[in-house]
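These protein sequence lines map, in sequence, to chains A and B.
For what it's worth, my numbering labels the leading residue of the first sequence as 31, then goes sequentially.
For what it's worth, my numbering labels the leading residue of the second sequence as 168, then goes sequentially.
Backbone N, C-alpha and C define an ideal beta-carbon position, used for all residues, glycine too.
None of these values were measured; they are calculated from a predicted model.
Everything below concerns the one structure shown next.
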Amino acid sequence: KTIASSGRGILAIDESNATCGKRLSSIGLDNTEPNRQAYRQLLLTTPGLGEYISGAILFEETLYQSTTDGKKFVDVLHDQKIIPGIKVDKGLVPLPGSNNESWCQGLDGLSSRSAEYYKQGARFAKWRTVVSIPCGPSALAVKEAAWGLARYAAISQDNGLVPIVEPEILLDGDHPIERTLEVAEKVWAEVFYYLAENNVIFEGILLKPSMVTPGAEHKERANPETIAKYTLTMLKRRVPPAVPGIMFLSGGQSEMEATLNLHAMNQSPNPWHVSFSYARALQNTVLKTWQGRPENVEAAQKALLVRAKANSLAQLGKYSAEGESEEAKKGMFVKGYTY
Amino acid sequence: SFNYLNIVDELAKNAAYIGTPGKGILAADESTGTIGKRLSSINVENIEENRRALRELLFTAPGALQCLSGVILFEETLYQKTASGKPFVDVLKEGGVLPGIKVDKGTVELNGTNGETFTQGLDGLAQRCQKYYEAGARFAKWRAVLKISANEPTELAIQENANGLAMYAAICQQCGLVPIVEPEILVDGSHDIQKCAAVTERVLAACYKALNDHHVMLEGTLLKPNMVTPGSDSPKVAPEIIAEYTVRALQRTVPAAVPAIVFLSGGQSEEEATLNLNAMNKLQTKKPWSLSFSFGRALQQSTLKTWAGKEENVKKAQDALLVRCKANSEATLGTYKGDAELCEGAAESLHVKDYKY
Numbered sequence: 031k032t033i034a035s036s037g038r039g040i041l042a043i044d045e046s047n048a049t050c051g052k053r054l055s056s057i058g059l060d061n062t063e064p065n066r067q068a069y070r071q072l073l074l075t076t077p078g079l080g081e082y083i084s085g086a087i088l089f090e091e092t093l094y095q096s097t098t099d100g101k102k103f104v105d106v107l108h109d110q111k112i113i114p115g116i117k118v119d120k121g122l123v124p125l126p127g128s129n130n131e132s133w134c135q136g137l138d139g140l141s142s143r144s145a146e147y148y149k150q151g152a153r154f155a156k157w158r159t160v161v162s163i164p165c166g167p168s169a170l171a172v173k174e175a176a177w178g179l180a181r182y183a184a185i186s187q188d189n190g191l192v193p194i195v196e197p198e199i200l201l202d203g204d205h206p207i208e209r210t211l212e213v214a215e216k217v218w219a220e221v222f223y224y225l226a227e228n229n230v231i232f233e234g235i236l237l238k239p240s241m242v243t244p245g246a247e248h249k250e251r252a253n254p255e256t257i258a259k260y261t262l263t264m265l266k267r268r269v270p271p272a273v274p275g276i277m278f279l280s281g282g283q284s285e286m287e288a289t290l291n292l293h294a295m296n297q298s299p300n301p302w303h304v305s306f307s308y309a310r311a312l313q314n315t316v317l318k319t320w321q322g323r324p325e326n327v328e329a330a331q332k333a334l335l336v337r338a339k340a341n342s343l344a345q346l347g348k349y350s351a352e353g354e355s356e357e358a359k360k361g362m363f364v365k366g367y368t369y
Numbered sequence: 168s169f170n171y172l173n174i175v176d177e178l179a180k181n182a183a184y185i186g187t188p189g190k191g192i193l194a195a196d197e198s199t200g201t202i203g204k205r206l207s208s209i210n211v212e213n214i215e216e217n218r219r220a221l222r223e224l225l226f227t228a229p230g231a232l233q234c235l236s237g238v239i240l241f242e243e244t245l246y247q248k249t250a251s252g253k254p255f256v257d258v259l260k261e262g263g264v265l266p267g268i269k270v271d272k273g274t275v276e277l278n279g280t281n282g283e284t285f286t287q288g289l290d291g292l293a294q295r296c297q298k299y300y301e302a303g304a305r306f307a308k309w310r311a312v313l314k315i316s317a318n319e320p321t322e323l324a325i326q327e328n329a330n331g332l333a334m335y336a337a338i339c340q341q342c343g344l345v346p347i348v349e350p351e352i353l354v355d356g357s358h359d360i361q362k363c364a365a366v367t368e369r370v371l372a373a374c375y376k377a378l379n380d381h382h383v384m385l386e387g388t389l390l391k392p393n394m395v396t397p398g399s400d401s402p403k404v405a406p407e408i409i410a411e412y413t414v415r416a417l418q419r420t421v422p423a424a425v426p427a428i429v430f431l432s433g434g435q436s437e438e439e440a441t442l443n444l445n446a447m448n449k450l451q452t453k454k455p456w457s458l459s460f461s462f463g464r465a466l467q468q469s470t471l472k473t474w475a476g477k478e479e480n481v482k483k484a485q486d487a488l489l490v491r492c493k494a495n496s497e498a499t500l501g502t503y504k505g506d507a508e509l510c511e512g513a514a515e516s517l518h519v520k521d522y523k524y
């Protein structure tokens, strides 16, 4: 419930080292531990971040890192009143017998890893699997995605970590919004069925769904009101009220799109807290402002606060797009994106 | 070398070969911890050289390989050699025996249940299987475990274990390894044979549903089930009864496309396991798959005791192994007469309550 608190959402900075490397190289930086540490330090020490951010998802390396002054990141977060979370999956691999689809690994030794993460200060976990509409999705892929999430969620709760349940329905494809709705309903039905089979307590989970939108290559774009309507319809049909929070992923939307869509979803009361868990949609401008230079840190932190505040207002249904920068409007969809 | 296009033919061919009448599998894939228990039972230190020496004893026993179509190895053993430097995989191949590899990483408690488990090992499995294929392995094994009691096995345990087996099997086939599907229902308990039959049928149905959902090619798989017997705390029944209940359970659940069923011995004595297998092969009824063995303890017990870790006992120990191999080979043909020279321990039950491998 703390994470699902009013006006706040999640900052996702759990990029694996490889993925973080892509971000760093986009601003001309090498993928070294000091650079990753410097970047995460910039983000996590942003003054006042805790007013808009309730949780931060970390990669394993980051959970054990400290600032250049030697203060543990988990302590920095604690002082900011931000709850540390940890990515626990081990990535996607090809799913045999499917239509070129993937499944998510990470169950081996998950119980003992989770116990260690809890000791280090993590209080929630995250596991991202994907479903592809152009590939079907096949019944096998949907089942495997849902079952893996359910097993991970049960093990997480057993070790004191709130599981964020993330079956990302990829944006790729030229399908209309109605098809996305159909697939999302099927996926969430299966997820909740298996969560129940695995005795997962719904009051102790968070969801990280993709919004219901047309495919990226569909001829018509949908406006925020349409996206909100379809997304809320899906949630109301499939998500039990016991779930405290729904923290959307941004999945390639521009920073501004992601904020506008969230705002549209919060125009009337929902049975669950409807908020954000954004990575690229919070970090894009920050990265470009920083450029890896110490003298830009303050400006970059301000840029983070701008986005965090915008999304906080969106969560409250009070966001206005006036004054948004050009950078914030840039789409971040990459076809066939692999994290 | 590995040609993906021939994979289907190769899998089916290897699976069928393992089911060759007169042959079966020696399960010598005890993990380092488990083999340590065997060694300590004969006062032998659990060091790599002793593990190597034991396996060399088994694989070079004269005549033994002719009774075998496959040997399951632990990872360490796959890369080991005889004292004179010949890789074990070559010893086996030259003896017409396919090397197999245990790929699971053991069982872990299934949270929210009363001591039920699931099996780990899926992470990075594809990469490991590719390596094992390169090292000469042609089949793999993954052991799932379920138990019978008033409230077990639960639906959750059955689903999780069936799903794990199916994922493992699909990945193996992509890498050219024939997967042995092993859903062991432990013999522990005071239930009767009817209960074991009902549970076995339920579990096998779930396994084949999962295998089909994962598009596993059944012709390229093997099944390693428990025999259908009363619980270990219940009165024993004759081999003919065990045969009847076991084969009936299989007829109801195992598609004809599966080439061979290689039973686990699960704590039966060497002689019991052989007699039961023999009774099954004598049974006059529909059996579209071969019925054979994949025995660990039930092939090695006498051999181990005879060896006792001593060089001078190697020949006698190898003779003991040959006795059991021949007996089981005959049992796959239904021609075993129960007259195998019983070594010390051959009739001894190998059941250990709530056995942890």
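*Run of the beta strand (DSSP E) containing B/Arg310, from where it starts to where it stops*: 306–313
*Closer than 9 Å, Cβ to Cβ, to anything on chain A: give me those residues from the region 246–268 of chain B, in chain order.*
none
*asked:* Does B/Gln485 pass the burial test, meaning 16 or more other C-beta atoms within 10 Å, or should it be called exposed?
replied: buried
*Could you check if B/Ala182 is buried or exposed, using at least 16 other CB atoms within 10 Å of its CB as the buried criterion?*
buried
*Would you say B/Val383 reaches chain A, if we count a Cβ-Cβ gap shorter than 8 Å as a contact?*
yes
*Note the first and the last residue of the continuous alpha helix (DSSP H) segment covering B/Leu444.*
437–449
*Please decide whether B/Leu353 counts as near chain A, where near means a Cβ-Cβ distance under 8 Å.*
no
*Examine the Cβ distances between the region 171–180 of chain A and the region 146–162 of chain A and report whether three or more of them are shorter than 8 Å.*
yes
*Partner residues on chain A for B/Val275, Cβ-Cβ distance less than 7 Å*: Ser141
*asked:* Relative to the C-alpha of B/Gly434, which candidate in B/Lys454, B/Asn448, B/Thr452, B/Ser461 has its C-alpha closest?
replied: B/Ser461
*Could you spell out the range, first to last residue, of the beta strand (DSSP E) harbouring A/Trp133?*
132–134
*To the nearest angstrom, report how far apart B/Glu508 and B/Asn278 are at their CA atoms.*
47 Å
*asked:* Using the three-state DSSP reduction, which class does B/Leu458 fall into: helix, strand or coil?
replied: strand
*asked:* I want to know whether the region 259–276 of chain B touches the region 358–375 of chain B - three or more CB-CB distances under 8 Å.
replied: no
*Out of curiosity, what's the CA-to-CA distance linking B/Gly282 and B/Val275?*
9 Å
*A/Gly166 versus chain B: which residues are under 9 Å apart at the beta carbon?*
The contacting residues do not exist; A/Gly166 stays about 13 Å from chain B at best.
*To the nearest angstrom, report how far apart A/Ala60 and A/Leu54 are at their CA atoms.*
Note that residue 60 of chain A is Asp in the sequence shown here, rather than Ala. Using only the alpha carbons, I get a separation of about 6 Å.
*Mind the definition here: the region 299–306 of chain B touches the region 244–261 of chain B only if three or more C-beta pairs lie below 8 Å; say whether that holds.*
yes
*Leaving aside the five residues before and after B/Lys449 along the sequence, list all residues of the same chain whose C-beta is less than 6 Å from its C-beta, in chain order.*
Gly501
*Could you tell me if the beta carbon of B/Glu223 falls within a distance shorter than 7 Å of some heavy atom in the ligand MG?*
By its list of ligands, the structure shown contains no ligand whatsoever, and the ligand MG lies outside what it can speak to.
*Using a beta-carbon distance cut-off of less than 8 Å, what residues from the region 215–239 of chain A approach chain B?*
Glu227, Asn228, Asn229
*In three-state terms, what does DSSP make of A/Arg143?*
helix
*At a Cβ cut of 7 Å, what residues of the region 111–125 of chain A count as close to chain B, listed as they run along the chain?*
Lys120, Val123
*Mind checking who A/Ser307 pairs with in its DSSP beta bridge?*
A/Ile40
_Proximal chain A residues relative to B/Ala337, where beta-carbon distance stays under 7 Å_ = Pro126, Gly127
*Distance, B/Thr470 Cα to B/Arg491 Cα*: 9 Å
*asked:* Restricting to Cα atoms, I'd like to know which of B/Asn328, B/Val370, B/Ser251, B/Ala336 is closest to B/Thr420.
replied: B/Val370
_Per-residue DSSP class, three states only, for A/Pro158_ = It should be noted that the sequence gives Arg, not Pro, for residue 158 of chain A. Note: A/Arg158 maps to strand in three-state DSSP.
*Per DSSP, which residues does A/Leu88 bridge with? Please list them.*
A/Ile43, A/Ile116
*If you draw a straight line from the alpha carbon of B/Val312 to that of B/Ile352, how long is it in whole angstroms?*
6 Å
*Going along the chain, which unbroken runs of the beta strand (DSSP E) with 3 or more residues stay wholly within the region 258–286 of chain B?*
265–269, 274–276, 284–286
_Between the alpha carbons of A/Ile43 and A/Ile185, how many angstroms are there, rounded?_
23 Å
*Please list the segments of the alpha helix (DSSP H) lying wholly inside the region 297–383 of chain B, counting only runs of 4 or more residues, in order along the chain.*
322–341, 360–380
*For A/Gly136 and chain B, any beta-carbon pair shorter than 8 Å?*
yes
*CB A/Leu292 to CB A/Asn229, shorter than 8 Å?*
no
*Given a cut-off of 8 Å, decide if A/Gly139 and B/Gln294 are closer than it, judged by their beta-carbon atoms.*
no
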